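Going by the numbering used here, the residue at position 96 of the sequence shown is 661; the numbering climbs one at a time, nothing skipped.
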Amino acid sequence: MVDMLGGRLLVTCGGACVEAEAVLQNKVVALYFASTRCAPSRDFTPLLCDFYAELVEQAWPPAPLAVVFVSADCSAQEMEDFLLQLPDAWLALPFHDPYRHELRTRYHITATPKLVILKPSGEVITNKGRKQIQERGRACFQDWVEAAEVFQNFSG
């Protein structure tokens, strides 16, 4: 992940700025491409929030998972409104960071919502994270951890 987001500042949904390398190291990274105006995004977001809460906020030890919101919104205000619905610990690329568009191209994002699951190196584990969560719930996370080769005493 250092290669892909190295040197970039991310914002937490709580408003703090953090360095990508520091917060994404040794974690499975979920890039969440979504938009306020997109009804499927609004429908899937609560499910993803619950998935995250069960694995990270309510689990001990917390799962090695970081979610990075990549806004497909039309304005910074729309993005800010969307961020209010997300857990404070989630991360986001700032609205004015042009890298948002580069990531959409790199991962062939043509519609939202899309959840791309990455190894810490930035290599894709799956671009079907949304479908896997909808079909398998948190059971899919164990497969992601194994594919990512992230050492963690985690049992999904």
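Quick reminder that beta carbons are idealized off the backbone N, C-alpha and C, glycines included. These figures come from a predicted structure and were not determined experimentally.
Between which residues of its own chain and Cys621 is the CB-CB distance below 6 angstroms, once the five residues before and five after are set aside? It is worth fixing the name first, because residue 621 is Val in this sequence and not Cys. Spatial neighbours of Val621 in its own chain (CB-CB distance under 6 angstroms, excluding positions within 5 residues in sequence) are listed in chain order as Pro627, Ala628, Leu630.
Work out the CA separation of Ala595 and Ile698 for me, nearest whole Å. Rounded to whole angstroms, Ile698 to Ala595 spans 12 angstroms at the Cα level.
If I'm right that Val588 touches Leu680 with Cβ under 8 angstroms, what's the distance once you round it to whole angstroms? Val588 to Leu680, Cβ: 18 angstroms. No contact.
Can you give me the C-alpha to C-alpha distance between Glu714 and Asn591, rounded to a whole angstrom? Those two C-alpha atoms are separated by around 9 angstroms.
Buried versus exposed, by CB contacts within 10 Å (16 or more), Val689: With fewer than 16 other Cβ atoms within 10 Å, it is exposed.
How would you write the range of the alpha helix (DSSP H) that Ser640 sits in, first residue to last? Unbroken run through Ser640: none, as it is neither H nor E.
Please list, in chain order, all residues of the same chain as Asp638 whose beta carbon is under 6 angstroms from its beta carbon, the five residues on each side excluded. Around Asp638, the same chain offers Ser600, Thr601, Met644 as residues with beta carbons nearer than 6 angstroms, after the five sequence neighbours per side are excluded.
By the three-class DSSP mapping on this structure, what secondary structure does Glu584 have? Correct three-state label for Glu584: strand.
Could you name the residues of the same chain whose beta carbon sits closer than 7 angstroms to that of Phe598, not counting the 5 residues immediately before and after it, in chain order? Once the five neighbours on either side are set aside, the close Cβ partners of Phe598 are Val635, Ala637, Arg669, Ile674, Thr677, Pro678, Lys679.
Nearest neighbour of Gly572, chosen from Ser606, Val583, Leu648 [CA to CA]: Nearest of Ser606, Val583, Leu648 to Gly572, Cα basis: Val583.
Excluding the five sequence neighbours on either side, which residues of its own chain have a C-beta within less than 7 angstroms of the C-beta of Ser606, listed in chain order? Contacts found: Ala599, Ser600, Thr677, Pro678.
Inter-residue spacing [alpha-carbon to alpha-carbon] between Pro685 and Ala604: Taking the straight line from one Cα to the other gives about 30 angstroms.
Report buried or exposed for Gly694, applying the criterion of at least 16 other Cβ atoms within 10 angstroms of its Cβ. Taking all protein chains in view, the Cβ of Gly694 is crowded by 16 or more other Cβ atoms within 10 Å, so the residue is classified as buried.
Helix, strand or coil at Ile674 [DSSP, three-state]: Reduced to three states, the DSSP call for Ile674 is coil.
What residues match up with Phe647 in a beta bridge as DSSP calls it? Residue pairing from DSSP leaves Phe647 without any beta-bridge partner.
Here's a check: name, in chain order, each residue in its chain whose Cβ is nearer than 6 angstroms to the Cβ of Tyr672, leaving out the five neighbours to either side. Once the five neighbours on either side are set aside, the close Cβ partners of Tyr672 are Val681.
Give me, in chain order, the residues of the same chain whose beta-carbon lies closer than 6 angstroms to that of Ala712; leave out the 5 immediate sequence neighbours on both sides. A distance below 6 angstroms between beta-carbons, with the five flanking residues on each side excluded, links Ala712 to the following residues of its chain, in chain order: Ile690.
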